[in-house]
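Novice: Using numbering that gives the first Met the number 0, the first residue of the sequence shown is number 0, and each one after it goes up by one.
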Amino acid sequence: MPVKSYKEMQFGDVVRQQYDFSCGSAALASLLTYHYDNPADENTIFKIMYEKGNQSKIKKQGFSLLDMKTYLDSLGYQSDGFNVPLDKMRQLGVPGITLVNFDGYMHFVVIKGMNNHSVILGDPSRGTMQMTYEQFSQYYSGIVLLIRNHVDLAQNSYISDDNYTLYAPSPIESGISRDSLGVFSITLPERGEY
0 MPVKSYKEMQ FGDVVRQQYD FSCGSAALAS LLTYHYDNPA DENTIFKIMY
50 EKGNQSKIKK QGFSLLDMKT YLDSLGYQSD GFNVPLDKMR QLGVPGITLV
100 NFDGYMHFVV IKGMNNHSVI LGDPSRGTMQ MTYEQFSQYY SGIVLLIRNH
150 VDLAQNSYIS DDNYTLYAPS PIESGISRDS LGVFSITLPE RGEY
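1. DSSP state of Gln-54, grouped into three classes?
2. Inspect the beta-carbon positions of Thr-131 and Ser-140 and report whether they are closer than 7 Å.
3. Per DSSP, what kind of secondary structure is Ser-156 in: helix, strand or coil?
4. What is the residue span of the beta strand (DSSP E) that Gln-129 lies within?
5. Please say whether Pro-84 and Gln-16 have beta carbons closer to each other than 7 Å?
6. Quick check: the Cα distance between Val-150 and Val-93, rounded to an integer number of angstroms?
7. Look up Gly-92 in the DSSP assignment and say whether it is helix, strand or coil.
8. Using C-beta distances below 6 Å, list every residue in its chain close to Gly-147, excluding the 5 sequence neighbours before and after it, in chain order.
9. Would you kindly work out how many angstroms separate the C-alpha atoms of Ser-136 and Tyr-104, rounded to a whole number?
10. Would you identify the three-state DSSP class for Tyr-139, choosing helix, strand or coil?
11. So, at 7 Å on beta carbons, what are the nonlocal neighbours of Ala-28 in its own chain, with the 5 sequence-adjacent residues on each side left out?
12. Residues in the same chain with beta-carbon distance under 7 Å from Phe-20, minus the five sequence neighbours each way, listed in chain order, please.
13. Less than 7 Å separating the beta-carbons of Val-99 and Val-109?
14. Strictly by DSSP, which residues pair up with Gly-121?
15. DSSP three-state call for Tyr-76: helix, strand or coil?
16. If I measure Cβ to Cβ from Gln-154 and keep anything under 8 Å in the same chain, skipping five residues before and after, which residues do I get?
17. I'd like to confirm the pairing. Which residues does DSSP put opposite Asn-82 in its beta bridges?
18. For the alpha helix (DSSP H) holding Ala-28, just list the boundary residues, first then last.
19. State the DSSP-derived secondary structure class of Tyr-18, mapped to helix, strand or coil.
20. Let me check one thing: in DSSP terms, what residues is Val-99 bridge-paired to?
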């Protein structure tokens with residue numbers, strides 16, 4: 000079995016953004032590659048969206064959901080932006096791209112899946128991450144770019160209760176602290192003290 004570094008695992012199913020302003024193209028590449036079985040790279044998407052978009056606006060504000068929709072439509076995907084409450088997003092059971100506000104920093108991420116308690120995100124700058132509903136709702140704008148065709152592919156790749164444990168954080172709180180291990184070995188019974 001090949002060994003992967005933490006960073007490789009963190010970006011195992013997310014395309015890492017190459018530039019501060021390229022989260023939109025990296026999020027699109029992640030969505031297409033890992034949820035729609037259509038390998039795509041950030042640079043190609045970036046170039047095409049930049050060439051076809053409002054370049055002066057893109058330079059100032061980055062890509063918009065409309066730029067992403069236009070790109071997806073050019074590939075034959077039927078995509079639209081929707082205002083979707085978080086509970087409804089879970090019920091839909093398909094991945095989508097949303098704009099979040101991380102403490103004043105507007106950023107595109109992929110909603111890869113949800114269960115009753117938390118959300119799995121594909122963040123182009125941080126990799127795959129899990130947040131509780133409560134945490135994520137502070138950042139969630141409610142606007143999601145969804146692809147309306149190829150629903151079967153989207154549903155099969157959506158992270159739900161069936162495959163959620165692959166993304167669950169380690170149970171670090173149940174570990175024994177290093178200091179406790181030293182005491183434990185000192186207090187082991189001697190031979191014949193059972």
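C-beta atoms are modelled at their ideal positions from N, C-alpha and C, and glycine is treated no differently.
Specialist: Judging by the given coordinates:
1. The count along the sequence shown starts at 1 and reaches residue 54 at position 55. Three-state DSSP puts Gln-54 in a helix.
2. One-based indexing of the sequence shown puts residue 131 at position 132. One-based indexing of the sequence shown puts residue 140 at position 141. No, the Cβ-Cβ distance between Thr-131 and Ser-140 is not below 7 Å.
3. Taking the first residue of the sequence shown as 1, we reach residue 156 at position 157. In this structure, Ser-156 counts as helix in the three-state DSSP scheme.
4. Stepping through the sequence shown from its first residue, residue 129 is reached at position 130. For Gln-129, the enclosing beta strand (DSSP E) has its first and last residue at 126–131.
5. What you label residue 16 is simply residue 17 of the sequence shown in a count that begins at 1. What you label residue 84 is simply residue 85 of the sequence shown in a count that begins at 1. No, these two residues do not count as a Cβ contact at 7 Å.
6. Sequence index remark: in the sequence shown, residue 150 carries index 151 (1-based). Sequence index remark: in the sequence shown, residue 93 carries index 94 (1-based). Their backbone Cα atoms lie some 7 Å apart in a straight line.
7. Taking the sequence shown and counting its residues from 1, the one referred to as residue 92 is at position 93. Coil.
8. Start at 1 with the first residue of the sequence shown, and residue 147 comes out as number 148. According to the sequence shown, residue 147 is Arg rather than Gly. Only Gln-77 meet the Cβ criterion.
9. Within the sequence shown, the letter at position 137 stands for residue 136. Within the sequence shown, the letter at position 105 stands for residue 104. Ser-136 and Tyr-104 have their C-alpha atoms some 15 Å from each other.
10. Along the sequence shown, one-based indexing puts residue 139 at 140. Note: Tyr-139 maps to strand in three-state DSSP.
11. Translated into the one-based positions of the sequence shown, residue 28 becomes position 29. Cβ neighbours of Ala-28 beyond the five flanking positions: Val-14, Ala-39, Asp-40, Glu-41, Ile-44.
12. Mapped onto the sequence shown, residue 20 falls at position 21. For Phe-20, same chain residues with a beta-carbon under 7 Å away, outside a window of 5 residues either side, are Gly-61 in chain order.
13. In the sequence shown, residue 99 corresponds to position 100, counting from 1. In the sequence shown, residue 109 corresponds to position 110, counting from 1. Their beta carbons are not under 7 Å apart, which means Val-99 does not touch Val-109 by this criterion.
14. Here residue 121 refers to the residue found at position 122 of the sequence shown. By DSSP's assignment, Gly-121 forms a beta bridge with Val-109, Thr-127.
15. For the purposes of this step, residue 76 is taken as the residue at position 77 of the sequence shown. DSSP places Tyr-76 in coil when its eight states are reduced to three.
16. The residue labelled residue 154 in the question sits at position 155 within the sequence shown. Residues of the same chain with a CB within less than 8 Å of the CB of Gln-154, apart from the 5 flanking positions on each side, are Gly-92, Val-93 in chain order.
17. The residue labelled residue 82 in the question sits at position 83 within the sequence shown. Under DSSP, the beta-bridge partners assigned to Asn-82 are Ile-142.
18. Locating residue 28 in the sequence shown gives position 29, where the first residue counts as 1. Residues 22–34.
19. Stepping through the sequence shown from its first residue, residue 18 is reached at position 19. Coil, per DSSP.
20. Locating residue 99 in the sequence shown gives position 100, where the first residue counts as 1. Note: Val-99 sits in a beta bridge opposite His-106, Tyr-139.
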